[in-house]
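Before any comments, here is the structure.
Protein chains: 2
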Amino acid sequence: MRIGDAAAAAGTTPRALRFYEERGLLPPPPRSASGQREYGPDDVARIRVVRELLHLGLTVEDVRGFAARLDMFTDGATPRCASPSPSDPPSPASAAVTRRLAALDAEIDRLTRLRARLAGATGRSEAADTA
Amino acid sequence: MRIGDAAAAAGTTPRALRFYEERGLLPPPPRSASGQREYGPDDVARIRVVRELLHLGLTVEDVRGFAARLDMFTDGATPRCASPSPSDPPSPASAAVTRRLAALDAEIDRLTRLRARLAGATGRSEAADTA
DNA sequence: CTAAACCCTGACGCGCGCGTCAAGGGCAAG
DNA sequence: CTTGCCCTTGACGCGCGCGTCAGGGTTTAG
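What follows is the structure in structure tokens.
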């Protein structure tokens, strides 16, 4: 299948696929004689995984870090970093997840404090909780 | 005083002052014969107020919305939107604050959900709370 | 008088995940 | 053959709050 169909099958756009490829999230697919990209079903599965990871808040940089091992996830539905033994060398994936969690916590923290300061300085006093 | 001194007195940079002026957060100050901006102590106070509001999470757009009434705050230390009667026509300031609070809440909400999904999908389960 | 330090305007850079336009070539249907 | 949609690469746009450089003029201390 060509890029448009692959993109549609994965729920995204051709532009996004070229972007992922350019940034190293997808391997360069084979080309037809005229230079057009040729994707297979496995590629579509991989694209879905990449998109899931991005939607989970990982950055392009994060995902590129362990792009080579992404095929391990293409069979399962949701990526689960099972830890066989608690003292394994941390995989680049779980390291990226840890960093992202820390970054998210820091940002949530910052915004929460900001909200408190803004509400406090203007005389309001509701809470902001949804978790 | 010239722009460098005014900026230093307010704890910021000349570039920021020109930026505030360009975006309508500060009134254009008088110029010397050679075109250099001339600031007074009142201007410094106003700059401080603008910076406080920005640090409180208001956007440039927000602050520009009620820039004309900012002088009301230049004598008090912390801006307090006292509400004389609970059913007043909302000032542009408190409207902006309300919008910012809502935007902050929405963003905190989004990040919190994102964090939960990321933690959940990878098998971790700590909480993220600091408020 | 000269050099240093300041001021001016205008314009690009940043970080992110693509969207969008531009200019050209390919591919299947009528 | 033509029509019309799809593909290719390359480059800019976005939103925010300035930082930073370029290429000048001004002011001030020695």
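Residue numbers (this note's numbering), protein chains in the order written: chain Z, 427 to 557; chain W, 427 to 557. Where is the CB? At the ideal position from N, CA and C, for every residue including glycine.
If only complete runs of 4 or more residues are kept, the region 431-506 of chain Z shows the alpha helix (DSSP H) at 440-448, 467-481, 486-491, in order along the chain.
Contact annotation: Arg526(W) and Leu484(W) have beta-carbon atoms nearer than 9 angstroms. Arg474(Z) and Ile429(Z) do not touch by the CB rule: their CB atoms are close to 15 angstroms apart, not below 8 angstroms. In the three-state reduction of the DSSP assignment, Arg541(Z) falls in the helix class. A contact between stretches requires three or more CB pairs, one per stretch, nearer than 8 angstroms, and the region 432-445 of chain W fails this requirement with the region 527-539 of chain Z. The beta carbon of Ser520(Z) sits closer than 9 angstroms to some beta carbon of chain W. Proximity to Ala493(W) across Met427(W), Asp469(W), Arg457(W), Leu452(W) peaks at Leu452(W), based on C-alpha coordinates. Residue burial is scored here from C-beta neighbours: Asp488(Z) has at least 16 other C-beta atoms within 10 angstroms and is therefore classed as buried. Collapsing the DSSP output to three states places Thr524(Z) in a helix.
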